[in-house]
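Asks: In order, the protein sequences belong to chains S, W and B. Under the numbering used here, the residues of the first sequence are numbered 5 to 363, in order. Under the numbering used here, the residues of the second sequence are numbered 51 to 343, in order. Under the numbering used here, the residues of the third sequence are numbered 206 to 514, in order. For glycine and all other residues, C-beta sits at the position ideal for the given N, C-alpha and C. Here the structure is a predicted model, which means the values were calculated and not measured.
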Amino acid sequence: MAEIEIRKVGKTYGKTPVMQGVDLAIEKGEFVVILGPSGCGKSTLLRMIAGLEAITSGEIAIAGKVVNELEPRERGCAMVFQNYALYPHMTVGENIGYALKVAGVPRAERAERVAATARTVGLSDFLDRKPGQLSGGQRQRVAMARAIIRQPRVFLFDEPLSNLDAKLRVAMRSEIRKLHKQFGVTSIFVTHDQTEAMTLADKLIIMNAGVIEQVGRPVDVYNHPASRFVADFIGSPAMNLLEGEFDAEGHFVFGQGGRMQVAQLNGMRKPGLKVVVGVRPESVRRTHANTAGAIPATVDFVEELGANRLIHAEIHGSRIVALDTSIGDLPTGTPVHLALADNALHVFSMEDGKRIDTH
Amino acid sequence: MRRAYFKFSWVAAALLAPQLLIIFVFFYWPSAQALYWAFTLEQPWGGGNTWVGFDNFAKTLSDPYYWSSVQVSIVYALATTALAMVMAMTLAVFVDRQLAGYKAYRVALIWPYAIAAPAVGLAFRFVFNPNAGILSYLNVVMPGLWDPTQIAWQSVFTIVIAGAWKHVAYSFIFFLAALQSIPRSLIEAAAIDGARPLRRMFDLQLPLLTPTIFFLLVINITDSFTDSFGIVDTLTGGGPFRATDLMVYKIYSDGFRGFDYSGAAAQSIVLMLLVMALTFVQFRYVEKRVHYT
Amino acid sequence: MIERTPILNISTHVILAVGLLLILFPIWIAFVAATHDLTAVNTAPVELWPGDQLWANLTAAWELSDFGPKFINTLIVAVGVVIGKVTLACITAFSLVFFNYRGRMLVFWIIFITLMLPLEVRIVPTYAVAANALSPFQVILDVTGISWLVATLSGIQISLEWNLLNSYTGLILPLVATATGTFLYRQFFLTIPDELVEAAQMDGAGPLRFLWDTLIPLSKTNIAALATIMFVYAWNQYLWPLLVITDRANYGMVVVQLSDLVPDALTTGGGTPTWHYAMAGTLAVMLPPIIIVIFMQRWFVRGLINTDK
């Protein structure tokens, strides 16, 4: 039995439904990341697990017990907030130990546990400071210490790294990873940042508009996106998406007169079927004109990345981006030839965005 | 929108109860009582009250002394408010320029607020005293020229000055705070646009002050109907011959000196309605011209 | 300021100086009057410079008005009002802001309306209530027939009476009965971030715990502001104590005492007006609130702005 079971959970604000029929199972010890754009409902779901939002329909069970009616403190969850939510008038030590104080833990034991937890997150020297005197990263660690000390069943993270600068975010990411390795507590991490999601998750959940689009290992989600939305959302730079349809001869027709005959699409060439063909920039390479399957294109502009560059090109009126390692100037208008790597295409139905498998 | 609540429990109700209880006993009940008394007349030999409908009101409203009281009250309200606000605004605008020593000005202009109304009244009683006050030399030159204890308009003058004086500090505090909350970037933008300081005062600060002006207008006018008791009691005692018998003062003298509870109650109701109506009118009509940022 | 404006600067100083003079002048005159003797103070033209009688006049005025016990009384009432108001406003605002129940807006308006009608406008009936604070409940019991019921069933006549006249309670309670402080707190509580409440909930704190451990420590400045305003307000009370206290010797308040110092036919028995005593008394009475305001100036201003908005 999974540690957390979410069964047909829905949420309605007033008359507006924001989430319907969400099903999810999270195993004990898993680090789960819920990824999605703003407003997709990921925070709402997290807060419903925490008990900070009421569950309109369906039920959530933690360790086998249905928790719909339970108070937050009764659910065994600890939460790390986006804005840290530290008590501004209490010292770091008091902040960390507050939950224990509320639970009536005697002072000596409390002090011990606070000291131990502070050591874990590297805050031993800061116990007497107030939050206002700390940097963003330090405050975040206090927030985590506050959660750790409660030895909860579940850690909940609500976009905790959004307010940190880029370098700090990377450092904190590895800290979180380390802590998870050390304590192994079931964790649910909500974010809109792909990189965080990809690097932290055991299991990745993509959400959009109150619905779960895909669940799986990050690498699986990356390589087999289940829908156009996921394909577009995961991966930076974003996947190239070409809208078109199959013609009578089985060619893929797109843009203004673009035609592709690609072996990979053999199994599905129904004439008139409208599809979206996706291919990631790293699977589009610059090649010579006489290579088999080379597609002529015109350079629009080039983005230098240092190690390589992105060629933004135009083929038959459609935009395509290729990852390129060659050197040499490519001013606007230069004709180039692009090749698509084998088995690197993804096909999605134009109607409902769902993946159509090629074999 | 606030979304973090605690579950409602008896705690919430228990926390609310004391204030509600006190308000009920000392505000709503007396107000209801006033209504009751206003519409009844107490029996001369005890035994409860008899319903007399609008009789008390009719008696009050047909009393010429009552109307002169209303008149004086309105004059007092308008005059003190105008004087106090103009003075306060001027001072605030100039203190806001933050020239050397402005902090001292600020303190000096704030503390008069802490002075009790009767203290103000008593001090001004001396200041305006015909024999010993600052205008006493007028009487040396021409005896009887200045005597607020005999000449009605002079008496009104003194309470207006005293009232305005008392309210300058209060209005000053609000004007200054409002001026200081105007973002400096706005002023700098105006300066770059070519507006000189005086221009900025009229085009920028004044319009942005309109919410405060409006707010202070409401407060000052309603205050002048009620706060004036202390001043009148020590400065003029309502005299000479009721020339300064403000409405609130008349209620007191009729009710507690004249023991006319019904009459005083009727007057209280009228005063309450007047205050509420004034507030309402100001919200309705004056607020339209307010520029909120 | 931004540009150099010498003429405007000079005018500013002039205007401010004139304004300051106008404001301080009456107080100065009163102060000077308190430093001269009887004849000097009654001779025109008015004295402009201080004399040497300040201490003598102060002691005379003090004794005349028996200020000693009255200062203590006023202090007791002022402190009582401060404590009452601060506590009451805090818990009421807490209930209004951090709980969500039906009728909450109604309760809010019920409390808000009390701001519209200050005490002076309803003195007559409030006085009657003070005479018997339990009269509303008596009437309710009578009107609903409960007292009749109890009387017939058990023969006990319910007669509630609690006379608040000539008592500290009678002075303090009605002054606590408006919503001023509740607003100040409400505005402040609304600025507390949601996440702080949620963090406390996750930590297992219930509402009362949250109030005590988090809200109140964060409200320190507001408490100071409200306390300052309320102290000045209570100290300066005139009309209400005038009515409620007839036993001046034991319960009189200082400001009320001023009315006795007014030199008219009553006080001087037709003799020369004792302006020097009157002014000295006025000064003595004025002093405590002024001191409080000057020292707590920052909180005081802040409290005023937040209360009345």
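Have a look at S/Ala67 and S/Glu7 and give me their C-alpha separation to the nearest angstrom.
Replies: The alpha-carbon atoms of S/Ala67 and S/Glu7 are separated by roughly 5 Å.
Asks: Suppose you measure from the CA of W/Ser312 to the CA of W/Thr110; what does that come to, to the nearest Å?
Replies: Roughly 10 Å separates the two Cα atoms.
Asks: What runs of the beta strand (DSSP E), each 3 residues or longer, lie entirely inside the stretch 165-199 of chain S?
Replies: Counting whole runs of 3 or more residues, the stretch 165-199 of chain S contains the beta strand (DSSP E) stretches 190-195.
Asks: Can you list, in chain order, the residues of its chain with a C-beta nearer than 7 Å to that of S/Met176? Leave out the 5 residues immediately preceding and following it.
Replies: Gly141, Gln144, Leu165, Leu168.
Asks: Would you call the stretch 157-171 of chain W in contact with the stretch 240-255 of chain B, where contact means no fewer than 3 C-beta pairs closer than 8 Å?
Replies: Cβ pair count under 8 Å is below three, so no.
Asks: Buried or exposed, going by whether 16 or more other CB atoms sit within 10 Å of the CB of S/His363?
Replies: Its pLDDT being 48, under 50, S/His363 is placed unreliably in this model, and the value from its coordinates should be taken loosely. Its Cβ having fewer than 16 others within 10 Å, S/His363 is exposed.
Asks: Where W/Pro162 and W/Phe107 are concerned, what is the direct C-alpha to C-alpha distance, given to the nearest angstrom?
Replies: Approximately 39 Å, taken between the alpha carbons.
Asks: Look at the alpha carbon of W/Ala54 and the alpha carbon of S/Leu90, and state the distance between them as a whole number of angstroms.
Replies: One C-alpha to the other measures close to 16 Å.
Asks: Run down chain B in chain order and give the residues with a C-beta less than 7 Å from the C-beta of W/Ile184.
Replies: Correct list: Ile234, Val251.
Asks: Taking the straight line between their C-alpha atoms, what separation do you get for B/Val329 and W/Tyr86?
Replies: Spanning the two alpha carbons is a distance of roughly 12 Å.
Asks: Work out the CA separation of B/Val291 and B/Ile428 for me, nearest whole Å.
Replies: Cα to Cα, the separation comes out at about 7 Å.
Asks: Measuring only the C-alpha atoms, how far is S/Ala345 from S/Val288?
Replies: Whole-angstrom Cα-Cα distance: 6 Å.
Asks: Buried or exposed, going by whether 16 or more other CB atoms sit within 10 Å of the CB of W/Ala224?
Replies: Looking at the sequence shown, residue 224 of chain W is not Ala but Phe. Result: buried.
Asks: Just the C-alpha distance for S/Ile192 and S/Val146, rounded to the nearest angstrom, thanks.
Replies: C-alpha separation (whole angstroms): 19 Å.
Asks: Would you mind giving the Cβ-Cβ distance between S/Cys81 and S/Ala119, rounded to the nearest angstrom? I have them listed as a contact below 8 Å.
Replies: Rounded, the Cβ-Cβ distance is 24 Å, inconsistent with contact.
Asks: In whole angstroms, what separates the C-alpha of B/Ser372 from that of B/Tyr438?
Replies: Taking the straight line joining both Cα atoms gives about 19 Å.
Asks: Taking Cβ-Cβ distances shorter than 7 Å, what residues in chain B pair up with S/Tyr102?
Replies: Per Cβ cutoff of 7 Å: Asp408.
Asks: Are W/Phe56 and B/Phe303 closer than 7 Å when you measure CB to CB?
Replies: In this structure, B/Phe303 lies closer than 7 Å to W/Phe56 by Cβ.
Asks: Would you verify that the beta carbon of W/Trp196 is, or is not, closer than 7 Å to some beta carbon of chain A?
Replies: Absent from the structure is chain A; the protein chains it does hold are S, W and B.
Asks: If we call anything under 7 Å between Cβ atoms a contact, is B/Met484 one with B/Ala239?
Replies: Going by C-beta atoms, B/Met484 is nearer than 7 Å to B/Ala239.
Asks: Kindly say whether S/Arg77, judged by its beta-carbon, lies nearer than 7 Å to any beta-carbon of chain B.
Replies: Cβ-Cβ to chain B under 7 Å: yes for S/Arg77.
Asks: Spatial neighbours of B/Thr383 within its chain, please: CB distance less than 7 Å, with the 5 preceding and 5 following residues excluded, ordered by chain position.
Replies: Excluding sequence neighbours, B/Thr383 sits near Thr319, Leu320.
Asks: Per the contact definition of three or more C-beta pairs closer than 8 Å, is the stretch 13-22 of chain S in contact with the stretch 42-60 of chain S?
Replies: Counting Cβ pairs under 8 Å, three or more are found: they touch.
Asks: Counting only beta-carbon atoms, is B/Ala298 nearer than 7 Å to chain W?
Replies: With 7 Å as the cut-off, B/Ala298 does not count as an interface residue toward chain W.
Asks: At 7 Å on the CB atoms, spell out the chain W contacts of B/Ser146, in chain order.
Replies: Because chain B in this structure spans residues 206 to 514, residue 146 of chain B falls outside the shown range and cannot be described.
Asks: Report the rounded CA-to-CA distance for B/Tyr222 versus B/Arg309, giving the unit in angstroms.
Replies: Just to set this straight, residue 222 of chain B is Ala in the shown sequence, not Tyr. In a straight line, the C-alpha of B/Ala222 is about 50 Å away from that of B/Arg309.
Asks: In whole angstroms, give me the CA-to-CA distance for S/Gly45 and S/Ile210.
Replies: Each residue's alpha carbon lies about 11 Å from the other.
Asks: Would you say W/Phe333 reaches chain B, if we count a Cβ-Cβ gap shorter than 7 Å as a contact?
Replies: For W/Phe333, the answer is no, since every Cβ of chain B falls outside 7 Å of its Cβ.
Asks: Quick check on the burial criterion: 16 or more other C-beta atoms within 10 angstroms. Buried or exposed for S/Gln186?
Replies: The residue in question, S/Gln186, is exposed, as its Cβ has fewer than 16 Cβ neighbours within 10 Å.
Asks: What are the residues of the stretch 413-431 of chain B that lie near chain S, defined by any Cβ-Cβ distance shorter than 9 Å?
Replies: Against chain S - using a Cβ distance shorter than 9 Å - the residues of the stretch 413-431 of chain B are Arg414, Asp418, Thr419, Pro422, Leu423, Lys425.
Asks: By how many angstroms is the C-alpha of B/Gln502 removed from the C-alpha of W/Thr343?
Replies: Note that W/Thr343 scores 41 on pLDDT, short of 50, meaning its location in the model is unreliable and no value can be drawn from it.
Asks: Excluding the five sequence neighbours on either side, which residues of its own chain have a C-beta within less than 7 Å of the C-beta of B/Ile281, listed in chain order?
Replies: Within the same chain, B/Ile281 has close Cβ partners Tyr373.
Asks: Does B/Leu401 have its Cβ less than 7 Å from a Cβ in chain S?
Replies: So, interface residue.
Asks: Does the stretch 148-156 of chain W come within contact of the stretch 275-282 of chain W, defined as at least 3 CB pairs closer than 8 Å?
Replies: Touching, no, given that fewer than three Cβ pairs across the two stretches are closer than 8 Å.
Asks: Alpha carbon to alpha carbon, what distance is there between B/Glu400 and W/Lys216?
Replies: Spanning the two alpha carbons is a distance of roughly 44 Å.
Asks: At the 7 Å Cβ level, is B/Ile495 part of the contact set with chain W, yes or no?
Replies: Output row for B/Ile495: interface = yes.
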